[in-house]
Amino acid sequence: KNQVEQSPQSLIILEGKNCTLQCNYTVSPFSNLRWYKQDTGRGPVSLTIMTFSENTKSNGRYTATLDADTKQSSLHITASQLSDSASYICVVSAQAGSYQLTFGKGTKLSVIP
Amino acid sequence: DAGVIQSPRHEVTEMGQEVTLRCKPISGHDYLFWYRQTMMRGLELLIYFNNNVPIDDSGMPEDRFSAKMPNASFSTLKIQPSEPRDSAVYFCASTVGRRNSPLHFGNGTRLTVT
Chain A
38 KNQVEQSPQS LIILEGKNCT LQCNYTVSPF SNLRWYKQDT GRGPVSLTIM TFSENTKSNG
98 RYTATLDADT KQSSLHITAS QLSDSASYIC VVSAQAGSYQ LTFGKGTKLS VIP
Chain B
1413 DAGVIQSPRH EVTEMGQEVT LRCKPISGHD YLFWYRQTMM RGLELLIYFN NNVPIDDSGM
1473 PEDRFSAKMP NASFSTLKIQ PSEPRDSAVY FCASTVGRRN SPLHFGNGTR LTVT
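Chains A and B, in that order, are what the protein sequence lines are.
Sequential numbering of the first sequence, starting at 38, is according to this note's numbering.
Sequential numbering of the second sequence, starting at 1413, is according to this note's numbering.
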């Protein structure tokens, strides 16, 4: 069964600090991995999309890494801001052209002053 | 670009009533998706359309749920009759059919069935 596991479930950090969120998946075959940010009361917003051949991708202060061999991904947030408080969802696509995405349950990040 | 627009934002209804959720996708997007999000199960795909045609409805829970896309700019998700276990946030998303295009989500409809 295709699964995406995220850790930690929740995280509290001080403003200005860095943090790393983890995603492990068992989806096969693998097409791409996406990270989304979901603010409270809003829909998810795409941060990055990585294919099998990409092992790192940045979007401003967000950097995602992918190890397709170990089926792990991480999302690193640098110099956190209060506006980074949100849930971060890891999503894996099983095959090219398929929209049967497997979603993780997300990591809830709280950035405090 | 107004993004994906969903209405209503909140819906409270009594068990047994019919509920209709509405979605306007981003202009030019040829794929439209309906998702349901709960704390227990996270985001689940209910159904998706390509060029207004339903492609995969295997995620629709049961016959009480139905979805239509009469044209490229409008879709509805209907629940009849509604039950308390249908309480969730329902999201509509759209995208263009290009490799690795991101999904663009609306801000959802929070449904409460009492």
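Heads up, the beta-carbon is just placed ideally off N, CA and C, and yes, glycines get one too.
Should residue i be labelled buried (16 or more other beta-carbon atoms within 10 Å of its own) or exposed?
i         : result
Ala1505/B : buried
Lys151/A  : Examination of residue 151/A is not possible in this model, given that chain A is present from 38 through 150 alone.
Ile1459/B : buried
Ile149/A  : exposed
Asp104/A  : exposed
Rounded to the nearest angstrom, what separates residue i and residue j at their Cα positions?
i         : j         : result
Ile1467/B : Glu42/A   : 27 Å
Val1536/B : Thr1524/B : Only positions 1413 to 1526 of chain B appear in this structure, which leaves residue 1536/B out of reach.
Ala1479/B : Thr1432/B : 9 Å
Gly1509/B : Phe1517/B : 15 Å
Leu58/A   : Pro66/A   : 23 Å
Asn39/A   : Asn61/A   : 11 Å
Ala101/A  : Ile126/A  : 12 Å
Met1452/B : Leu1515/B : 22 Å
Which chain B residues sit within Cβ distance under 7 Å of residue i?
i       : result
Pro66/A : Simply none; closest approach about 15 Å.
Can you pull the chain A residues whose beta carbon is under 8 Å from the beta carbon of residue i, in chain order?
i         : result
Tyr1460/B : Tyr136
Gly1518/B : Gly80
Tyr1443/B : Tyr136
Name, please, each residue of chain A whose Cβ falls closer than 9 Å to the Cβ of residue i.
i         : result
Leu1457/B : Tyr136, Gln137, Leu138 and Phe140
Tell me, which residues are paired with residue i by DSSP?
i         : result
Ala116/A  : The partner list for Ala116/A (beta bridge, DSSP) is empty, contrary to what the question assumes.
Pro1466/B : Phe1461/B
Please list, in chain order, the chain B residues whose beta carbon lies closer than 9 Å to that of residue i.
i       : result
Asn96/A : Near Asn96/A there are no residues of chain B at all, since even the closest Cβ is about 11 Å away, more than 9 Å.
List, in order along the chain, the chain B residues whose C-beta lies closer than 8 Å to that of residue i?
i       : result
Ile86/A : Asn1512 and Pro1514
Checklist entry - Below 8 Å, can you find three or more Cβ-Cβ pairs linking the region 140-149 of chain A to the region 46-54 of chain A? => result yes
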